[in-house]
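Everything below concerns the one structure shown next.
Number of protein chains: 2
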Amino acid sequence: MLADRIEKANREAVERIFAGDPVLLDVRPAADVIAGLEDRVVLHAGPPIAWEAMCGPLRGAIAGAAVLEGWAKDLAEAERLAGSGALAFHPNHHFDAVGPMTGITTRTMPVMVFENRAFGNRAYITVNEGLGKVMRFGGNDEEVLARLRWIASDLGPAMGQAIRSLGGIPLKPIVAKGLAMGDEMHQRNVACTGLTVRAIAPALARTMGEAGKLATILEFVSGNDQFFLNIAMGMAKALMDPVRGIEGCSIVTAMSRNGTDFGVRVSATGDEWFTAPVEMPQGLYFPGFDEVDANPDIGDSTIVETVGLGGFAMAAAPAVAGFVGAGGAAEAIAHTRAMYEITAARNPAWTLPALEFAGTPTGIDIRKVVETGVAPTINTGIAHREAGVGQVGAGIVRAPLACFVGALESFAATVGAT
Amino acid sequence: MLADRIEKANREAVERIFAGDPVLLDVRPAADVIAGLEDRVVLHAGPPIAWEAMCGPLRGAIAGAAVLEGWAKDLAEAERLAGSGALAFHPNHHFDAVGPMTGITTRTMPVMVFENRAFGNRAYITVNEGLGKVMRFGGNDEEVLARLRWIASDLGPAMGQAIRSLGGIPLKPIVAKGLAMGDEMHQRNVACTGLTVRAIAPALARTMGEAGKLATILEFVSGNDQFFLNIAMGMAKALMDPVRGIEGCSIVTAMSRNGTDFGVRVSATGDEWFTAPVEMPQGLYFPGFDEVDANPDIGDSTIVETVGLGGFAMAAAPAVAGFVGAGGAAEAIAHTRAMYEITAARNPAWTLPALEFAGTPTGIDIRKVVETGVAPTINTGIAHREAGVGQVGAGIVRAPLACFVGALESFAATVGAT
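For the record, the sequence lines run as chains A and B. FYI, the numbering for the first sequence is 4 to 421, going by the working numbering. FYI, the numbering for the second sequence is 4 to 421, going by the working numbering.
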């Protein structure tokens, strides 16, 4: 029976997710650890996209990265260079990586190294830059680049050294605690950021020589409630990659957006992206901004929803429902309940206190999405549509159903259904 | 009308609580800041009590403190000294102080200094020693005393210096965040401890010379999920003291236990304690221990319930309901709902996400307690009944109704009711 075969494959998928043991292992310059990240290569969020089709913040971030890497002397030259075909653009996902919002990853940027110790695979992501005008939201001026240079010269090496001295930091227990502390690990990471500071601050103190540098690093990390977001994303990527390529499996292995297209990958169909135009987030805007300023949905951060966090775990985080304009505690619970309809299992290690410690909805089944018409709920930041501005709000967005319809058609062909 | 007069007085009381602005200001040796804390004076939790009537852990902690202070060369000599009348015992509450469990405060112990900036009053409490075999649970051996000496020589001075460099740490915002992160600030302080580490770690790094000492301090604080408990207690004491002595006010200003008696103070009746025998907590025990090992209820920590946290804010902390053996999320919400029946107001600054951000139940009205028969719910640690052992579990306990009946009789006489 085809249905039995798919059920078995999907069970295998969720068992791999539940068996995963993701550990934050190190922080290293991207070029040292990401195979194939050559000079003049830019990794970006979402499925593949050409320069001409890119949105404002993505182009802006690329221009900033080109100046940062010394490929161009200023932003104008960087834009010309990027448009000339002299730079190569590839999705992070094609290099075992993910990145928030624009998701730019280039050679000199430090990346956190994650290992899923149950399967041996690794994943990579840059260190969170903070809030506001930052490269992931399209920021690219000297203030943005100076911060990235400091991350490369000071924060990254110190973090790497501290984390190595600890032998790595297991992440599933931190996320389990965070869910009991109001985080959903997409738009709210205040608890997990605190738990991370508690884990690494003593090691930073032990391994760093200069107290002044240490204080600056602790201030930077402690001052950014979203610091853990990138850790959650790298962890989710490390957890989901072993699910790729299971024959007959209809579970989503990645959801991602480049600001123009939303892309979905499914286990049985391997590396193929099923895309549709991204939607506009519905949310709340920072003072001075509104819908007309907003860029459409962007970023690899939907990897956290893919593993059952973010919008899927909204019941853990009633405070985030308010932040993204989605109501209160009752609405937060309703979002999570809806995600049970489109997922294969409940995660026994990650539980939701408000639902009497029910497990997070895990393993998006494209058949259930298409059958029910319930699109995955995603909590997201909102970038300004123009390069150079930064974050303007936060909201909720739905994954476009068309991606799942396309994926299901291809899946059906793959498994020999009619 | 008497009822109107009481209502007006009670409104004044809750307005004072809501107007309070408690700040953690400093850490200093107790003798330097607590007026009247002379040599051979021991401050303890709860209402006044004589040596002969004290329970095992309280006697044990006093013996340990006598050795720590150099009043006795060993525990046996210390017990004899304590029983001989050579030491003076007073409640912390009589010295603007509070203390968890046995609550011992003596001259050389560093205390955190709190100022309620809206009213100018100060409050004091020792630094949390960690979990297990510690003096607050009756521990008194060399391991316990060595830790206290390190707190006096290293942790206290470093914390004081860091906090002074920050100009103090306002506490209401930390508690507000903690309530959205699953803490109720009595048996669960994991979020607020993290927020505190984030606040002071950079300042510790800036103000401390020795990286090795800094690492040890960060490990100690980061390794203790209950580190914030003492901060919450000092804050609550600083918030409640301005409510004392309001004519016609039937709001409780302190609840406290010495392991033998439970004591209640009420605004209109000033410094009088209304006591009744303490009850046994109902809870869960650590492996190897059960009810027969448990000491009756003890500690000044019920000051957090007095200000609307702890058992009153259980809806914020479904995970603590499980820890203290009180069920799950639904039971946690039910506990908070019951406390609305006996309180005067809802705190607009401290809200409960699971109750759609309703304010915490604030201002225990002794009239309502006696009328409804609903006794205040208290989340508590459980000490071993013998000296020297330490914590054996955690649970829930009810304030004895008899205290409130006695208080109401005295209150009625004070306000001229029949």
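Ideal Cβ placement from N, Cα and C applies to all residues, glycine included. Note that the coordinates shown come from a computational prediction; the quantities given were computed from them, not determined experimentally.
Against chain B, the CB of residue 359 (chain A) has a partner CB under 8 Å away; the residue lies at that interface.
The C-beta of residue 201 (chain A) comes closer than 8 Å to at least one C-beta of chain B. For residue 338 (chain B), the enclosing alpha helix (DSSP H) has its first and last residue at 332-343.
For a cut-off of 8 Å, the C-beta gap from residue 341 (chain B) to residue 369 (chain B) is around 16 Å, too long to register as a contact. Residue burial is scored here from C-beta neighbours: residue 79 (chain A) has fewer than 16 other C-beta atoms within 10 angstroms and is therefore classed as exposed. Judged by DSSP secondary structure, residue 46 (chain B) falls outside any alpha helix (DSSP H) and instead within the beta strand (DSSP E) spanning 44-47. Contact holds between the stretch 343-359 of chain A and the stretch 173-185 of chain A, because three or more Cβ pairs, one in each stretch, are under 8 Å apart. For the stretch 166-178 of chain B, the beta-carbon criterion of a distance under 7 Å to any beta-carbon of chain A is satisfied by none of its residues.
Annotated three-state conformation of residue 259 (chain B) is strand, per DSSP. Straight-line spacing of the CA atoms in residue 268 (chain B) and residue 50 (chain B) works out to 9 Å. By the criterion of a C-beta distance shorter than 6 Å, residue 343 (chain A) is surrounded in its chain by 364, once the five residues flanking it on both sides are discounted. In chain order, 331 place their CB closer than 7 Å to the CB of residue 325 (chain A), counting only its own chain and leaving out the 5 sequence neighbours on each side. Contact with chain A is absent for residue 114 (chain B), since none of that chain's Cβ atoms lies less than 8 Å from the residue's Cβ. When only Cα atoms are considered, residue 116 (chain A) and residue 106 (chain A) end up about 16 Å apart.
Assignment of residue 229 (chain B) by DSSP, reduced to helix, strand and coil, places it in the coil class. Rounded to whole angstroms, residue 139 (chain A) and residue 416 (chain A) show a C-alpha spacing of 37 Å.
Cα atoms of residue 280 (chain A) and residue 151 (chain A): separation of roughly 31 Å, rounded to the nearest angstrom. Under DSSP, residue 118 (chain A) takes part in a beta bridge, and its partners are A:26 and A:125. For residue 404 (chain A), the closest of A:375, A:110 and A:385 by C-alpha to C-alpha distance is A:375. Cβ proximity to chain A below 7 Å picks out 321 and 322 from the stretch 311-322 of chain B.
DSSP, reduced to helix, strand and coil, places residue 286 (chain B) within a strand of the structure shown. Collapsing the DSSP output to three states places residue 353 (chain A) in a strand. The shortest C-alpha to C-alpha distance from residue 70 (chain A) to any of A:94, A:45 and A:52 is the one to A:45. Secondary structure at residue 17 (chain B): helix, using DSSP grouped into helix, strand and coil. Taking the beta carbon of residue 221 (chain B) as reference, the chain A residues within 7 Å of it are 204, 205 and 208, listed in sequence order. Proximity of the stretch 304-318 of chain A to the stretch 199-211 of chain A falls short of the contact definition, fewer than three beta-carbon pairs being nearer than 8 Å.
DSSP places residue 396 (chain A) within a strand segment (E or B) once states are collapsed to three. In the displayed model, residue 401 (chain A) falls within a strand according to three-state DSSP. Contact between residue 126 (chain A) and residue 241 (chain A) is confirmed by a C-beta separation of about 4 Å, below the 8 Å threshold.
Across the set B:175, B:149, B:193 and B:209, the C-alpha of B:209 shows the shortest separation from the C-alpha of residue 167 (chain B).
Against chain B, the CB of residue 185 (chain A) has a partner CB under 8 Å away; the residue lies at that interface.
Counting only the Cα atoms, residue 261 (chain B) lies some 21 Å from residue 41 (chain B). Judged by DSSP secondary structure, residue 321 (chain B) falls within the alpha helix (DSSP H) whose first and last residues are 321-326. With 16 or more other Cβ atoms inside 10 Å of its own Cβ, residue 247 (chain B) counts as buried. At a cut-off of 8 Å, the C-beta of residue 156 (chain B) has no neighbouring C-beta in chain A. When DSSP states are grouped into helix, strand and coil, residue 387 (chain A) belongs to the strand group.
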